[in-house]
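For the sequence shown, the working numbering begins at 170 and goes up steadily by one. Glycine included, each C-beta is placed from N, C-alpha and C at the ideal position. Read through the structure below, which is laid out as structure tokens, and then see the notes.
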Amino acid sequence: MNLKETSFGEFFKPSQLTFELKSRDRLEAIEELLDSLVKQKLISNKKLTLTRIVDRENLEPTALGHGLAVPHARVDTEGQMAVAVGRSAEGIDFAAPDGRPVHLIILVIWNPTIPGLFNHLFSGLASFLVRPDNRERLFNAREKNELYNVLAQIPLAFPYEDRIVNRASLLKKLQEIELKIRRAPEAKQEELQKHRTLIREELDQSLLARFDLLMDRYGYAVSEVIDGVCQSCNMSVSTQMASAIDESNDIYICENCGKYLVSPGKREKAASKEKSEKEKAAGEKKKASHPAAAAATRLGQVKKASPAKAKAAKTRKN
Ligand SMILES: [Zn+2]
């Protein structure tokens with residue numbers, strides 16, 4: 170994979186580090202860190218952010234053991250990511266798996282339009298923190314600057330922008346995993362379940378509820394659009410819609426069969442082109458086309474990519 174090398178320092182400034190937290194319990198400490206982000210205008214909705222973080226903590230504590238915790242939530246931030254770090258010499262009870270108090274809290278809020286970001290940040294932090302000598306450097310820091318410098322140098326690697334997955338491809342990935350889980354032997358279940366939980370955390374509740382419903386009812390929830398045709402029901406989607414699906418991070422639904430529509434990967438697309446050319450050569454013509462019946466609706470809240478095209482598709486529908 171094509172990776173961009175960077176370090177944790179790129180994501181936070183010394184002003185986002187609290188060398189001695191005043192708080193003595195988990196909730197207060199999280200609030201204290203959020204207050205520092207509000208003060209620096211890095212988050213705007215403290216109440217919502219706190220709720221998301223607490224929900225996540227209740228699902229499963231984010232303490233990693235060895236005195237560390239990484240509470241996190243996916244909320245609209247001003248930038249890509251808002252990070253606050255707090256140290257507590259005395260230690261805070263975070264319901265850690267090893268029962269030990271937490272001395273270093275790394276709080277991460279990240280923007281929902283880039284869902285893959287947190288996983289890459291987290292894996293970089295985890296591979297640094299897993300080493301006892303690295304943790305000692307953090308815990309033994311005697312003053313704020315020293316601690317900041319150790320944190321800032323933690324190496325991280327991110328995929329280049331286009332490799333960060335979007336929500337539609339996360340839904341597709343989730344479907345692949347759900348299907349694997351049904352067939353996988355007992356020994357592989359735990360790993361697959363873990364993978365599933367990770368992906369589900371990145372997706373909105375409303376998307377997941379619909380996804381689960383479709384999986385229950387049809388065994389599939391996501392359908393590829395190849396050459397403008399929904400592969401689940403074989404109905405064609407408007408050309409504007411098909412190209413919007415290719416280029417944007419919006420979520421589209423097939424109006425005919427209700428499946429989430431995704432674009433196939435580049436390799437599948439090339440293969441399908443080859444296949445359709447062969448079919449054409451063989452004189453086969455059996456593509457269903459009922460354009461009026463099979464327009465697709467858009468559902469996403471993210472409206473960054475190609476608004477002109479989406480608008481055109483909408484107008485055509487009416
Ligand atoms: Zn369909």
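Inter-stretch contact (C-beta, 8 Å, three-pair minimum) for the stretch 246-263 and the stretch 187-195: yes
Hey, would you say the C-beta of SER213 is under 7 Å away from at least one heavy atom of ligand 1? no
Would you kindly check if the distance between the Cβ of ALA253 and the Cβ of GLY293 is under 8 Å? no
Work out the CA separation of PRO266 and LEU320 for me, nearest whole Å. 23 Å
Just mark ASN425 as buried or exposed, buried being the case when its beta carbon has 16 or more other beta carbons within 10 Å. buried
If you run the structure through DSSP and keep just helix, strand and coil, what is GLY178? helix
Judging by CA-CA distance, which residue of ILE422, TYR317, PRO183, LEU383 is the nearest neighbour of GLN209? PRO183
Is any heavy atom in ligand 1 found nearer than 7 Å to the beta carbon of SER407? no
Considering TYR389, what are the terminal residues of the beta strand (DSSP E) in which it resides? Neither: TYR389 is in no beta strand (DSSP E) and is coded neither H nor E.
I need the DSSP call for LEU190, collapsed to helix, strand or coil. coil
Quick one: give me the first and last residue of the alpha helix (DSSP H) that HIS364 is part of. 355-370
Count the other CB atoms, across all protein chains shown, that sit within 10 Å of the CB of SER257; report buried if there are 16 or more and exposed otherwise. buried
Does DSSP put ALA413 in a helix, in a strand, or in coil? helix
Ordered along the chain, which non-local residues of its own chain (more than five positions away) have a Cβ less than 8 Å from that of PRO433? GLU393, VAL394, ILE395, SER441
At least 3 beta-carbon pairs within less than 8 Å: the stretch 352-368 vs the stretch 207-222: no
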